[in-house]
Amino acid sequence: MKHSSVGHLMVGEVVSVTPSTPFKDVAKLLAEHDITGMPVLDEEDRVLGVISESDLLVRQASDGSSGPEDQRRGAGGGAGAVKRDALTAAQLMSAPAVCVHAHDTVAEAARTMLGRRVQRLPVVDEEDRLVGIITRRDLLQVFLRPDQEIRRRVIEEVVVDAMGSTPTAVEVHVVDGVVTLEGVLERRSEIAVALRLTQQLDGVVSVVDRLTSRVDDSRLTPPERTPHALPW
95 MKHSSVGHLM VGEVVSVTPS TPFKDVAKLL AEHDITGMPV LDEEDRVLGV
145 ISESDLLVRQ ASDGSSGPED QRRGAGGGAG AVKRDALTAA QLMSAPAVCV
195 HAHDTVAEAA RTMLGRRVQR LPVVDEEDRL VGIITRRDLL QVFLRPDQEI
245 RRRVIEEVVV DAMGSTPTAV EVHVVDGVVT LEGVLERRSE IAVALRLTQQ
295 LDGVVSVVDR LTSRVDDSRL TPPERTPHAL PW
């Protein structure tokens with residue numbers, strides 16, 4: 095089964111900065127291009143880190159005063175203190191950057207975003223050079239697939255290719271990404287497979303099970319093999 099890859103959804107033209115880019119230039123680029131973040135690249139286009147709006151807001155949120163906690167921390171006040179006093183992109187960025195590759199699936203990218211709690215992922219090639227960027231909004235595009243296209247993929251990739259059945263063996267109905275499977279399969283164990291494969295298709299919101307089977311093989315166990323039953 096084919097899944098959409100990051101390379102099909104990513105934005106190829108990426109606004110980026112270098113470690114020495116001044117704070118004001120970073121803010122200006124974010125505003126001019128109406129974006130919420132950008133990667134920081136070295137001279138070979140390798141991703142060193144990522145800057146987001148929240149990194150700039152750390153400084154904006156500071157009133158410039160030094161409270162008791164700041165005095166206790168002193169110069170070693172941690173990443174927050176560094177960003178509060180940042181003058182360049184190198185001081186603003188969060189590093190190391192969390193990246194994905196263009197051949198990674200949309201599902202893999204989504205899991206990475208959720209697991210690492212980031213809004214965007216730089217996309218790199220095999221040599222870790224930047225080739226694009228993908229955001230949460232980009233990933234949501236898979237749920238905009240037309241119902242007719244989803245239905246076609248369920249029939250071709252699940253019913254025919256994976257299950258080895260005819261296109262009419264299962265009735266497939268799709269409304270707003272919700273897929274209903276209805277029909278009679280040969281074995282009960284095939285139902286779980288059909289449901290799982292359908293749910294994995296890009297654009298599927300949920301799956302409604304209306305499948306039955308001719309044979310309940312869930313209680314069948316293979317006969318116990320003994321040495322006498324082995325072929326010689």
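To convert, take the position in the sequence shown, counting from 1, and add 94; that gives my numbering. All C-beta atoms in this analysis are idealised placements derived from N, C-alpha and C, irrespective of residue type, glycine included.
**Prompt:** Should A203 go down as buried or exposed, given a rule of 16 or more other Cβ atoms within 10 Å for buried?
**Reply:** Under this definition A203 is a buried residue.
**Asked** Thinking just about the alpha-carbon of each residue, which of T260, A256, R230 is nearest to the one in V105?
**Response** Of the candidates T260, A256, R230, the one whose C-alpha sits nearest the C-alpha of V105 is R230.
**Request:** Please say whether V253 and P240 have beta carbons closer to each other than 8 Å?
**Result:** Result no, Cβ atoms of P240 and V253 do not sit closer than 8 Å.
**Message:** Which same chain residues end up closer than 7 Å to T292 when comparing Cβ atoms and leaving out the 5 residues on each side of it in sequence?
**Reply:** Excluding sequence neighbours, T292 sits near V248, V252, V273, L275, V298, V301.
**Request:** Return the first residue and the last residue of the alpha helix (DSSP H) that M207 is part of.
**Result:** 200–210
**Proximal residues to E147 (C-beta, below 8 Å), its chain only, five neighbours per side dropped** = Close CB contacts of E147 within its chain, under the 8 Å cut and outside five residues either way in sequence, are with L124, T130, G131 (chain order).
**Which listed residue (R178, R140, D149, V109) has its alpha carbon closest to that of D222** = It is R140 whose Cα lies nearest to the Cα of D222.
**Request:** Would you mind giving the Cβ-Cβ distance between L150 and V120, rounded to the nearest angstrom? I have them listed as a contact below 8 Å.
**Result:** 7 Å
**Prompt:** Going along the chain, which residues of its own chain have a beta-carbon closer than 8 Å to the beta-carbon of D270, five neighbours each way excluded?
**Reply:** The residues are D241, V299.
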